[in-house]
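There are 4 protein chains.
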Amino acid sequence: MKIKAGIVGGAGYAGGELLRLLLLHPNVELAFVQSRSQAGKPVHTAHPDLLGETDISFSADAAIPVEVLFLCAGHGEAARFLAENEVPAETKIIDLSQDFRWNEKTICDVVEAGERSFVYGLPELQREQIRQAKHIANPGCFATGIQLALLPLAKQNMLQSDVHVSGITGSTGAGQSLSATSHFSWRTENISTYKVMEHQHLREINRSLLYLQPEDQSNIHFIPYRGPFARGIFITAYLQTAISLEEAQALYGNYYAGHPFTIVTDQNPDLKQVVNTNKCVLHLQKHGNMLVITSLIDNLLKGAAGQAVQNMNLVFGLEETTGLKLKATSF
Amino acid sequence: MKIKAGIVGGAGYAGGELLRLLLLHPNVELAFVQSRSQAGKPVHTAHPDLLGETDISFSADAAIPVEVLFLCAGHGEAARFLAENEVPAETKIIDLSQDFRWNEKTICDVVEAGERSFVYGLPELQREQIRQAKHIANPGCFATGIQLALLPLAKQNMLQSDVHVSGITGSTGAGQSLSATSHFSWRTENISTYKVMEHQHLREINRSLLYLQPEDQSNIHFIPYRGPFARGIFITAYLQTAISLEEAQALYGNYYAGHPFTIVTDQNPDLKQVVNTNKCVLHLQKHGNMLVITSLIDNLLKGAAGQAVQNMNLVFGLEETTGLKLKATSF
Amino acid sequence: MKIKAGIVGGAGYAGGELLRLLLLHPNVELAFVQSRSQAGKPVHTAHPDLLGETDISFSADAAIPVEVLFLCAGHGEAARFLAENEVPAETKIIDLSQDFRWNEKTICDVVEAGERSFVYGLPELQREQIRQAKHIANPGCFATGIQLALLPLAKQNMLQSDVHVSGITGSTGAGQSLSATSHFSWRTENISTYKVMEHQHLREINRSLLYLQPEDQSNIHFIPYRGPFARGIFITAYLQTAISLEEAQALYGNYYAGHPFTIVTDQNPDLKQVVNTNKCVLHLQKHGNMLVITSLIDNLLKGAAGQAVQNMNLVFGLEETTGLKLKATSF
Amino acid sequence: MKIKAGIVGGAGYAGGELLRLLLLHPNVELAFVQSRSQAGKPVHTAHPDLLGETDISFSADAAIPVEVLFLCAGHGEAARFLAENEVPAETKIIDLSQDFRWNEKTICDVVEAGERSFVYGLPELQREQIRQAKHIANPGCFATGIQLALLPLAKQNMLQSDVHVSGITGSTGAGQSLSATSHFSWRTENISTYKVMEHQHLREINRSLLYLQPEDQSNIHFIPYRGPFARGIFITAYLQTAISLEEAQALYGNYYAGHPFTIVTDQNPDLKQVVNTNKCVLHLQKHGNMLVITSLIDNLLKGAAGQAVQNMNLVFGLEETTGLKLKATSF
């Protein structure tokens, strides 16, 4: 079986990463990779590592009929694309922007947008709903890492006190546009914070937690940091809880037992374990009455393109890990 | 005036940094730089950037009479050195280890060690005591950055709720000994935590805070991170407080008004502003009822050798900034 | 078909990388991964990214019968292993050390070692001989990158003047042992040279060039550099030649036409195009009478474990690229 | 004595570095720091490490009378500034652009530009001429490092064969403008070449060598590399020569004996020895008949602003090292 797929917005970081994955996916036939800025050029012009991997060029047009359409067009652009283009009702859509992850009217994990319903595509939260879905809102990168750190607690109504979260992100998290804080001379060997306590991903995180634990008593305090590395997100979260380390390990182990990409380890992990993979690695510690959870993902894979492919696999009834058994870079 | 100075343990990172500073200090005459491992070799063997700066060689002996003795011998080694060597009573001692920063019997900011009293050498905490002191226990690097973030609050009895602290340290914080987590292949582009909630500097921090605010109601929750950079410490601390941002800025501004190295900025800072300087840069934000403090230092300077020289300046009645007006690396 | 494989020395960098590849290879069944230092421990103890990928543990023993034995034991250790262990005559051996790449008595690209003949495993030099071989000496990393830059010229007797080579290597090239030049504090943002004009890989390079061009008139002048990055080798080589850029591009294009991993590009390349892939990317420029060749590989893949798997594929009659279509890290 | 100084173009990398130096210089009074883009803002807006160091703001105007005017306006802009502004004849000018380093009509080391004569400001080439000069063309960064590697040979007519040069530069060499090759995601852990064999600094290098050795028989082949670090230039140069290593060391030692910033070492050096200093470190090796010279500088200091201050010191009769005894960053 080959799924006919198209990518809208294929010249950016997430689009490129998706392209790399789909080119290696055994059940995908790539119909087009659209890009306004690069139309007509071979994809290796924008993504030089793809030299020798494919002869495909960026198209200006996204109208070619496909079974699944990936939207990598950026925040705001996805909604505009769907408003301006006639996408057949039967086409599956997986959107990587934040346009359909959350809206103010929505209190459960499906966002209604006109005639379409977007299911929030975090398989560890609601895999069965994703399998039945036609349209997927792919979660944000920080949102993925933080939710995976907290879902097992929310499921058991155990979010009863404030949660203190730090998250350090690599430079690819900010995309390929040029900016002062992505200039190498500035960023190398440097650290800074941004959007302290106000990161936009908090909305989708809080919504998912309320979905699992409707009487969530916790507040999330979140400080995002810019780190001097290209790929990955390193999250720590801690909160007061009465359960022991052993109980917490059992809770997390059970919750993620059937989820192939989320792994609980009893060794102190480091970020590069997950770089260039679709994994989330979780680690638990207990210090006094504080449960400390470490959560690591690759922002471009489990935090974006990898999770999009995982969702496609679920939507089309494929084995969840198809095309996602990736060699870690490790170093 | 030239102060005759000696360094014990001059081949390590802190010793080397102290050597760089003392060679450029207008009021210091370096009598010896002792090192067991490097005795007899020119100092530029261990510190190649000093090639052309000095002809001094490491000595095996530390018995040469000096007016001030810097101990960079490592934790445990400083106490042993003083036990095994007869240091004249009038010799000033500035110890960079943790041996005299804290002990269980001490409830104020002076540690009694046999016949000697070590004054805790954080000028922003107790500059007058330092000016009168003969023996100084130079603070730890994380301890310096975290205390400078909290002292103005403690002074006003405003530590009334838990303090949540993250601190990311560069690789020089772990010294020059070889280890798996200082291997370049591992550390570059990587992040990990260590000593979560259990860092040994918490003892000296808590002691200083209790000294200023004897009924300190707060607990400090501290997660240290290893970052992929060589120099610097980036700290964030936050706590609930009723005071407004303007009040907090005034409080910090007043507290540090006469302290030349600790600067409060209203711009979001980044770590490299302080690298290769003796400065601490502080930044305040208020989000809801949370006051968020960012605190940045160079771990080898304000966090070690620079503060040691600052203390020497105070002990010998020199202008506090002498020899410490350093060009920032910036990039 | 499943090839039964064993790895001797699986705890190091090359062994770990080979393990990552073989676990994902569709035609391999891993019989054992031997390590003296790690015997009995799960492989993810040494290679934490393999957590969740396999339950295999390191074995002390390498005596389990296999069809192919990979030796990752280090220079000198491979020869010793074969001397001290009875490896059945029919077992294929792929050695990643330098023990069988070259010896003083050998003038062609097969090294006789007792009863065994080791074929030099550079597919772009002698793919047919590799297909027929039982024992393979896998080339060195610098040797691979430099040879691929020069083979098409040697094949046409065009090495008629001195060749000037610079090669910058990442830290993984020096293995996982701890040393002053692999300490993060030293290596980050730093550059140095080593083994200037005397790198040991020059022997195998010169032997291969003489094999193709027996009257090679050239000398290779080679400066290796340590670079502040973990993976990859960046090589430039230049020499005087009368041929035009177009002729050179045709020459290289033809030579590598049937070789799936070696790609000639007309765009100025950068190292990260090949990181975490088995590719070599070549780029040609002509400036005056100088032909300048850029050659990029990942030292752990095309320069070690990836090429070993490529050789295994050839030896066992598999498609050359099996298990080697890897997603580039790109960033 | 205080020299009244002004900076034109103070918001860029070289301008900022010059500002850092002049603020610490004991004999300089800064009259203005001009910047079109930042006029009216405090200098710490563009250079945040200067927070707390000075209250000066960028001025729109550069017309305030000064004794020395530093032009950091960029290539082409310096000539335009002098054409459009009336700078008094007695004002000393030190230009950091390439506008007056070389022109086609000039065969010696003074460039005539209208009524002004610009002396090429490489003290190790022509210190006496600089002492007598009113206008200085400050050398390029690569040009400085490469010339210092070759001047002693040229002085002795020993450039008799081709010189093969590699130079790896940090990202600050490309200035602060945003570009694809200065994006952190691209540059970290990456290497590439640019302007192969065609770097514009070759002109000023060749002119200086011909000045010392009018019958220079050599060609310089130069490959510049972009390296993944912020500061510094690492150069290797080699050529055939009959002299022994000892003779070469004596030759270089004698040539640089009276030059305080250029140091010949017999230990294999690394780039970070010179970072944040005004030094050039040279190292010599002999391999067969090849003399290999390593040359290291900080591109922003000895390669730009530091050398500009060195030239100012010479022009005003100060000790050459005044204000330039800088603490190396080392790590």
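Protein chains in written order, with full-length UniProt numbering: chain A, 1 to 331; chain B, 1 to 331; chain C, 1 to 331; chain D, 1 to 331.
From the three backbone atoms N, C-alpha and C, an ideal C-beta is built for every residue, glycine too.
Remember, predicted model here, so these are calculated numbers, not experimental data.
Quiz prompt | Proximal chain D residues relative to A137(A), where beta-carbon distance stays under 7 Å | solution = The residue you call residue 137(A) lines up with position 137 of the first sequence. Neighbours of A137(A) on chain D: none; closest Cβ ~25 Å, over 7 Å.
Quiz item: Does the pairing of the region 242-253 of chain A with the region 179-193 of chain A give three or more beta-carbon distances under 8 Å?
Solution: Contact fails: fewer than three Cβ-Cβ distances are below 8 Å.
Quiz prompt | Per DSSP, cross-strand counterpart(s) of T262(B) | solution = By 1-based counting over the second sequence, the position of residue 262(B) is 262. T262(B) pairs with C280(B).
Practice problem: Determine the contact status of S208(A) and Q160(A), defining contact as a CB-CB distance below 9 Å. | Solution: Against the first sequence, residue 208(A) aligns to sequence position 208. Against the first sequence, residue 160(A) aligns to sequence position 160. Contact annotation: S208(A) and Q160(A) have beta-carbon atoms that are not nearer than 9 Å.
Quiz item: Is L239(D) helix, strand or coil by DSSP?
Solution: In the fourth sequence, the residue the question calls residue 239(D) occupies position 239. Under the three-state reduction of DSSP, L239(D) is assigned to strand.
Practice problem: Using a Cβ-Cβ cut-off of less than 9 Å, give me the residues of the region 279-292 of chain C that come near chain A, in sequence order. | Solution: Listed by position, the residues of the region 279-292 of chain C near chain A (Cβ gap below 9 Å) are K279, V281.
Quiz item: Which residues does DSSP pair with H287(B) in a beta bridge?
Solution: Taking the first residue of the second sequence as 1, we reach residue 287(B) at position 287. According to DSSP, which records beta bridges pairwise, H287(B) is partnered with M290(B).
Quiz item: Any residues in the region 229-258 of chain A with a beta carbon nearer than 8 Å to a beta carbon of chain B? Which ones, in chain order?
Solution: Listed by position along the chain: F229, A230, R231, G232, F234, T236, Y238.
Quiz item: Can the beta-carbon of I130(D) be found closer than 9 Å to that of A308(D)?
Solution: If you number the fourth sequence from 1, residue 130(D) lands on position 130. If you number the fourth sequence from 1, residue 308(D) lands on position 308. Cβ distance not < 9 Å, so I130(D) and A308(D) don't count as in contact.
Self-check item: Cβ shell of Y211(C) (< 7 Å), same chain only, five flanking positions each side left out
Solution: In the third sequence, residue 211(C) corresponds to position 211, counting from 1. Answer for Y211(C): C108, D109, listed in chain order.
Quiz item: Closer than 7 Å, Cβ to any Cβ of chain E: which residues of the region 161-183 of chain C, in chain order?
Solution: No chain E appears in this structure, whose protein chains are A, B, C and D.
Quiz item: I think S295(C) touches A149(C), with their Cβ atoms under 8 Å apart; what is that distance to the nearest whole Å?
Solution: Taking the third sequence and counting its residues from 1, one reaches residue 295(C) at position 295. Taking the third sequence and counting its residues from 1, one reaches residue 149(C) at position 149. Taking 8 Å as the upper bound for CB-CB distance, S295(C) and A149(C) are in contact here, some 4 Å apart.
Quiz item: Could you check where the alpha helix (DSSP H) with S185(D) kicks off and where it finishes?
Solution: On the fourth sequence, position 185 is the one that residue 185(D) refers to. S185(D) -> alpha helix (DSSP H) spans 184-187.
Quiz prompt | Bridge-paired residues (DSSP) for P42(B) | solution = On the second sequence, position 42 is the one that residue 42(B) refers to. According to DSSP, which records beta bridges pairwise, P42(B) is partnered with S57(B).
Exercise. State the Cα-Cα distance for the pair D49(D) and T265(B), rounded to the nearest angstrom.
Key: Residue mapping note: residue 49(D) aligns to position 49 of the fourth sequence, counting from 1. Residue mapping note: residue 265(B) aligns to position 265 of the second sequence, counting from 1. Those two C-alpha atoms are separated by around 11 Å.
Quiz prompt | CA nearest to the CA of L151(D), picked from K105(D), H201(D), Y256(D) | solution = Position 151 of the fourth sequence, counting from 1, holds the residue named residue 151(D). The shortest Cα separation from L151(D) among K105(D), H201(D), Y256(D) belongs to Y256(D).
Quiz prompt | Among N206(C), K325(C), P224(C), nearest to G170(C) - alpha-carbon criterion | solution = The residue given as residue 170(C) occupies position 170 in the third sequence. Selected option, being the one with the closest Cα: P224(C).
Exercise. May I ask you to report which of helix, strand or coil DSSP gives G167(D)?
Key: To locate residue 167(D), count along the fourth sequence from 1; it is residue 167. Correct three-state label for G167(D): strand.
Quiz item: Cβ of G145(D) within 9 Å of Cβ of C280(D)?
Solution: Translated into the one-based positions of the fourth sequence, residue 145(D) becomes position 145. Translated into the one-based positions of the fourth sequence, residue 280(D) becomes position 280. Yes.
Practice problem: Going by CA-CA distance only, name the one from H75(A), G76(A), L69(A) that's closest to V87(A). | Solution: Counting from one through the first sequence, the residue named residue 87(A) turns up at place 87. For the residues H75(A), G76(A), L69(A), the minimum Cα distance to V87(A) belongs to L69(A).
Self-check item: Contact residues within the region 183-204 of chain C, judged by C-beta distance below 9 Å to chain B
Solution: Shown in chain order are the members of the region 183-204 of chain C whose Cβ falls below 9 Å from a Cβ of chain B: H183, F184, S185, W186, R187, T188, E189.
Practice problem: Check whether the Cβ of H44(D) lies closer than 8 Å to any heavy atom of the ligand SAM, and answer yes or no. | Solution: The ligand SAM is not part of this structure, which contains no ligands at all.
Quiz item: Taking buried to mean at least 16 other C-beta atoms within 10 Å of its own C-beta, is A63(C) buried or exposed?
Solution: Locating residue 63(C) in the third sequence gives position 63, where the first residue counts as 1. Residue burial annotation: A63(C) is exposed, with fewer than 16 other C-beta atoms found within 10 angstroms of its C-beta.
Quiz item: Are any of the Cβ atoms in chain B nearer than 9 Å to that of L326(D)?
Solution: Looking up residue 326(D) in the fourth sequence gives position 326. For L326(D), the nearest CB of chain B lies under 9 Å from its own CB, placing it at the interface with that chain.
Quiz item: Of all Cβ atoms in chain A, is any one closer than 9 Å to the Cβ of G303(B)?
Solution: In the second sequence, counting from the first residue as 1, residue 303(B) sits at position 303. Judged by the 9 Å Cβ criterion, G303(B) is not in contact with chain A.
Quiz item: N268(A) touches chain B at which residues, Cβ-Cβ below 9 Å?
Solution: On the first sequence, residue 268(A) is found 268 positions in, with the first residue counted as 1. Those are S192, T193, Y194, V196, listed as they occur along chain B.
Quiz prompt | Of the listed residues T329(B), Q176(B), I168(B), nearest to T193(B) (C-alpha basis) | solution = The count along the second sequence starts at 1 and reaches residue 193(B) at position 193. Among T329(B), Q176(B), I168(B), the Cα nearest to that of T193(B) belongs to I168(B).
Quiz item: Nearest to M290(A) by CA position, among H164(A), E17(A), Q38(A), is which residue?
Solution: Here the question's residue 290(A) lines up with position 290 in the first sequence. Per the Cα distances, H164(A).
Exercise. Can you tell me which of the three DSSP states V309(A) falls into?
Key: The count along the first sequence starts at 1 and reaches residue 309(A) at position 309. Collapsing the DSSP output to three states places V309(A) in a helix.
Quiz item: By the 10 Å Cβ neighbour count, where 16 or more other Cβ atoms means buried, how is Q267(A) classified, buried or exposed?
Solution: Start at 1 with the first residue of the first sequence, and residue 267(A) comes out as number 267. Q267(A) should be labelled exposed.
Self-check item: Contact set between residue 344(B) and chain D, taken where Cβ atoms lie within less than 9 Å
Solution: Nothing can be reported for residue 344(B), as the shown portion of chain B is limited to 1 through 331.
Quiz item: What's the gap between the Cα of V119(D) and the Cα of L271(C)?
Solution: Position 119 of the fourth sequence holds residue 119(D). Position 271 of the third sequence holds residue 271(C). Each residue's Cα considered, the two are about 40 Å apart.
Exercise. Could you name the residues of chain D that D99(B) contacts, counting a contact when the two beta carbons are closer than 7 Å?
Key: Numbered from its first residue, the second sequence carries residue 99(B) at position 99. Neighbours of D99(B) on chain D: none; closest Cβ ~25 Å, over 7 Å.
Exercise. Locate the alpha helix (DSSP H) running through F81(C), then write down its first and last residues.
Key: Residue 81(C) sits at position 81 when you count from the first residue of the third sequence. Start and end: 77-84.
Exercise. For chain D, find out if any of its Cβ atoms is closer than 9 Å to the Cβ of L13(A); answer yes or no.
Key: Counted from its first residue, the first sequence places residue 13(A) at position 13. Note that residue 13(A) is Tyr in the sequence shown, not Leu. Nearest CB-CB separation between Y13(A) and chain D: below the 9 Å threshold.
Quiz item: Are three or more beta carbon pairs between the region 314-327 of chain A and the region 27-37 of chain B nearer than 8 Å?
Solution: Here the region 314-327 of chain A makes no contact with the region 27-37 of chain B; the two share fewer than three CB pairs at distances below 8 Å.
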